[in-house]
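FYI, in mature numbering (1 follows the signal peptide of the UniProt record, and there is no 0) the residues of the sequence shown are -29 to -1, 1 to 459.
Heads up, the beta-carbon is just placed ideally off N, CA and C, and yes, glycines get one too.
Here the structure is a predicted model, which means the values were calculated and not measured.
Comments concern the structure below.
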Amino acid sequence: MAKHSLNIGKHIRAAASLLLLCAFVTACASNKAGVKSPELPPRHWLEESPGVPVENKAKLDAAVPGLYDPNKVFTFEDCVFLAIQQSPLLVNSAVEIEVKRVALTDAKWHYLPEPRMTFQVSNNLTRYNTGMSQLPGNYEQTNFRVGFYAAFPNPVATYIEHNAQKLMVNLAIATHRKAVGEAVYKIAQAYLQLQAQQKILAAHKEILPIGKEVVNYWRQVETVDGRQGVSLNLAIQHERELNLNIEQAVMQETMERTRLKIIAGVDPQQRLKVDTKNADAILGDFDGQALAWEERWTTGEDELLLRGQIKLADYNIMVAWAQYIPNMNLQINQSPPAGQYNPPHGREDFFLHLNFDFPLLDWGHRYRGVQTARMEKAKAFHSIFQKRTEYSNEWLRAQQNMSLALTKLKLAKTRFTTTEMQYKESHIAFSEGTLQLPDMTARQEAMVTARIAVIEAELTYKLANLEWMYLANLLQERFLGLPAKELM
């Protein structure tokens, strides 16, 4: 009895050592999991993503090395290339491509079963049969049993999952293309607004000498006439107003430049030299009136993504039907089936078990899963028509915004022409001595103010055309080309 107790103690110590080893491995894994993951290095995601063509790829490759030159002056295309290279707005969609690719690799390995090993250690808790005849030779001894089993994956579900993951990768690429297009649109907006603010700032600086001239005029007049200084005080106050207008314009220009930096992924404190002379080339010869929304709808990412959702819904229906296939697994162990018991003093055999598992009655669970998948496909199918209607409405709104902005621009130009004529008339009258300097400068300020209104109206008109151009997917095509016709 003491011998058996000694054997039990050895096995208990062995089991305890095994448990401590498992705990140590688990602790090491936990410590490793807690280590901070290294940050992803800057990557040119667009270049490494198949299915995302760049029409001027050679130009893009040539531009990337010089983007970090401290003396570089950025054009619109340079800002776009910089945003593609490092903008935080594009990180999520770019990383999602890599996530879906890993999921695709994982789906490929699901075709193979996952072999597993079972290791069982057992011993008697009671010894009621000690001394009886016909006992096995290993009675009252620690028994070790090793077994193997592997569950075979559902072949149909695995095949559908593999194809669905291919589709998900392409959907992620299309989503990234859409994010890049939105970044290009935002950069173009900031670029046009920065150009307009620079023009407005130049116009305000043009008025400033006029205010100083009026102050000097009233200072001389009141010195000669002995006035109380009311007109001079008003002129000085007006000069302060002109200076504040310049400060306001400078701040607005700084804000637009900061906005451009944020979109392009540049630190707001970092210096960014921007050349806005070619801002008018962004729109080029775009004419929205010559386009039809029915034709441009098929050139965007939205229509492609929605068709991908319908195909994904088809896969979900097939996966739901695949649940009717029975489960199958293979086991190798020392558990004998009925009729093949081991003899009392014999050696235990290993047995191969091939098991099929399917319900006799699932209470409609699988059929309801199929019906749910069908309804999800119906939702995806009708979402195309809904999105298509929304696109046509947005097209009409963009067209109306452009027409309204064009009317406002014409009105602003007409008012500027009127104020310009009034200034010329006042300048002639001042030269003839029939008009005082303050009256002439007031007309001149009105003309410059009207010119600023023209600049703002031009900006509104350009932004309206830019929105229409973005809606027509022509702005994105300049850098991304046309999307794929099919995702798979």
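For the beta strand (DSSP E) assignment, the uninterrupted runs of no fewer than 3 residues enclosed by the segment 253 to 319 are, from N- to C-terminal side, 298 to 304. Ranked by how close their Cα comes to the Cα of LYS244, the residues GLY255, THR225, GLU218 have THR225 in first place. Residue pairing by DSSP places GLY118 opposite THR89 in a beta bridge. One alpha carbon belongs to LEU323, the other to ASN304, and they sit about 7 Å apart. Here PHE450 is buried: its Cβ has 16 or more other Cβ atoms, across all protein chains shown, within 10 Å. By the 16-neighbour rule on beta-carbons within 10 angstroms, GLN136 is buried. Cβ contact annotation for PHE45 (same chain, cutoff 6 Å, sequence separation greater than five): VAL245, in chain order. By the Cβ neighbour-count rule, PRO454 is buried, with 16 or more other Cβ atoms within 10 Å of its own. TRP268 and GLU274 have their alpha carbons spaced roughly 7 Å apart.
According to the DSSP secondary-structure assignment, PHE352 is paired through a beta bridge with no residue. Just so you know, the alpha carbons of LYS157 and GLN168 end up roughly 16 Å apart. Straight through space, the alpha carbons of ILE399 and GLU391 are spaced by roughly 12 Å. For PHE45, the pairing in a beta bridge is given by DSSP as VAL245. Contact check for ARG72 against GLN91 fails: the beta carbons are separated by 8 Å or more. The three-state secondary structure of ASP333, taken from DSSP, is coil.
Rounded to the nearest whole angstrom, the C-alpha separation of HIS336 and HIS147 is 37 Å. Taking C-beta atoms as the reference points, ILE181 and ALA220 fail to come closer than 8 Å. Within the same chain, and ignoring the five residues on either side of VAL341 in sequence, the residues whose Cβ sits closer than 8 Å to its Cβ are ILE288, ALA291, TRP292. In the DSSP annotation of this structure, HIS81 is not part of any beta strand (DSSP E), being labelled neither H nor E. Proximity of the segment 377 to 396 to the segment 416 to 425 meets the contact definition, three or more beta-carbon pairs being nearer than 8 Å.
In terms of Cβ geometry, ASN436 and LEU165 do not form a close pair [threshold 8 Å]. Minimum Cα-Cα distance from GLN260 among the listed residues LEU96, GLN370, ALA417 corresponds to GLN370. The alpha helix (DSSP H) runs lying completely inside the segment 396 to 446 and spanning 4 residues or more are 408 to 442, given in chain order.
For ASN204, the enclosing alpha helix (DSSP H) covers residues 201 to 235. Selection GLU210, TYR162, TYR394 evaluated against CYS50 yields TYR162 as nearest (Cα-Cα). If the five residues before and after LYS79 are omitted, its C-beta is found closer than 7 Å to the C-beta atoms of HIS133, all from its own chain and listed in chain order. If you draw a straight line from the Cα of GLN294 to the Cα of ARG339, it is about 11 Å long. If you look at PHE322, you'll find it in the beta strand (DSSP E) that goes 322 to 328. Shown here for LEU60: same chain residues with a beta carbon closer than 6 Å to its own, the five before and five after excluded, namely ALA154 in chain order. The C-beta distance from PRO297 to PHE327 rounds to 5 Å, short enough to meet the 8 Å contact threshold.
Using a C-beta cut-off of 8 Å, the segment 355 to 367 makes no contact with the segment 392 to 412, since fewer than three inter-stretch Cβ pairs fall below that distance.
If you draw a straight line from the Cα of TYR188 to the Cα of GLN223, it is about 32 Å long.
C-alpha of ARG414 to C-alpha of LYS248: approximately 30 Å in a straight line.
Within a 10 Å sphere around the beta-carbon of LEU53 sit 16 or more other beta-carbons, which makes this residue buried. At a Cβ-Cβ threshold of 8 Å, SER58 and ALA263 do not count as neighbours.
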